[in-house]
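Since the structure comes first, as structure tokens, the remarks are kept for the end.
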Amino acid sequence: MSTNSEMQIRRSAAASSVAQSGSSSTGAAIPSAPHNKRKVESILYSDIAVRYNENSLEQCRTSVSALSGCVAGIIGLTSYKGFLFYGFSMFLLSLLIFIFIRHEHRKFFTGLNHVFVNGFFNGLLTYVLFWTFLYGMVHVY
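Residue numbers (UniProt numbering): 1 to 141.
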């Protein structure tokens, strides 16, 4: 059986089930409410747009990581307080981005975890680099 015939079979089976569910005793089709037919809408994403948005978010995270690392080094945070400051700054950035896109994250990202989770540890390396460098420059020397 070829692919086209399989597609025709699937289409005809789907069409016959729709026709059976929409017909009445008189033979006329009764239109049903659209919310009954589709409970979940499929969302199409542009791969290029999603990559661009994720790249922009990653650049924003890197910039905020460097900036917060500079602040933590200058004010002299050490040990776990510095890491808590990084977590707070990344959470604040994610919250601001979430507020900026007005709870419509499906338009820009494939999931909400892209806003809050992705890139967290990549930014951590940048943060530690700037944190230790500026702490050493200000407080050690």
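Ideal Cβ positions, reconstructed from N, Cα and C, are used throughout, including at glycine.
Helix or strand or just coil, what does DSSP make of Glu58?
As a first step, residue 58 is located in the sequence shown; it is residue number 58 there, counting from the start. In the structure shown, Glu58 sits in a helix (DSSP, three-state: H, G or I).
For Gly82, collect the residues of the same chain with a Cβ closer than 7 Å to its Cβ; drop the 5 residues on either side in sequence, then sort them by chain order.
Taking the sequence shown and counting its residues from 1, one reaches residue 82 at position 82. Closer than 7 Å at Cβ, skipping near neighbours: Ala72 and Trp131.
Should the region 41-56 be called in touch with the region 86-98, which here means at least 3 C-beta pairs below 8 Å?
By the Cβ test, the region 41-56 is not in contact with the region 86-98, since fewer than three Cβ pairs between them sit closer than 8 Å.
So what's residue 143 in DSSP terms, helix, strand or just coil?
Outside the displayed span of the chain (1 to 141) sits residue 143, for which this structure offers no information.
Does DSSP put Ser68 in a helix, a strand or coil?
In the sequence shown, residue 68 corresponds to position 68, counting from 1. Ser68 sits in a helix when the DSSP states are folded into three classes.
Hey, how far is the Cα of Ser12 from the Cα of Tyr45?
As a position in the sequence shown, residue 12 is number 12, starting the count at 1. As a position in the sequence shown, residue 45 is number 45, starting the count at 1. Per-residue confidence for Ser12 stands at a pLDDT of 39, beneath the threshold of 50, marking its modelled position as unreliable; the derived number appears in the next sentence. Straight through space, the alpha carbons of Tyr45 and Ser12 are spaced by roughly 28 Å.
Taking the C-alpha atoms as reference points, what is the distance between Ile101 and Tyr135?
Position 101 of the sequence shown, counting from 1, holds the residue named residue 101. Position 135 of the sequence shown, counting from 1, holds the residue named residue 135. Whole-angstrom Cα-Cα distance: 35 Å.
Label Arg106 either buried or exposed according to how many other C-beta atoms from any shown protein chain fall within 10 Å of its C-beta, with 16 as the threshold for buried.
For the purposes of this step, residue 106 is identified with residue 106 of the sequence shown, where counting begins at 1. Exposed, by the Cβ-count rule.
Grab the span of the alpha helix (DSSP H) containing Tyr86 for me, first residue to last.
The residue given as residue 86 occupies position 86 in the sequence shown. Counting along the chain, the alpha helix (DSSP H) containing Tyr86 begins and ends at Ser79 to Phe100.
Rounded to the nearest angstrom, what separates His114 and Ser68 at their Cα positions?
Counted from its first residue, the sequence shown places residue 114 at position 114. Counted from its first residue, the sequence shown places residue 68 at position 68. Each residue's alpha carbon lies about 21 Å from the other.
Taking the beta carbon of Phe140 as the centre, do at least 16 other beta carbons fall within 10 Å, making it buried, or is it exposed?
Taking the first residue of the sequence shown as 1, we reach residue 140 at position 140. At residue 140 the sequence reads Val, which differs from the Phe that was named. Under this definition Val140 is an exposed residue.
Proximity of Ser65 and Gly111 at Cβ, strictly below 8 Å
The residue you call residue 65 lines up with position 65 of the sequence shown. The residue you call residue 111 lines up with position 111 of the sequence shown. For Ser65 and Gly111, no; Cβs fall outside 8 Å.
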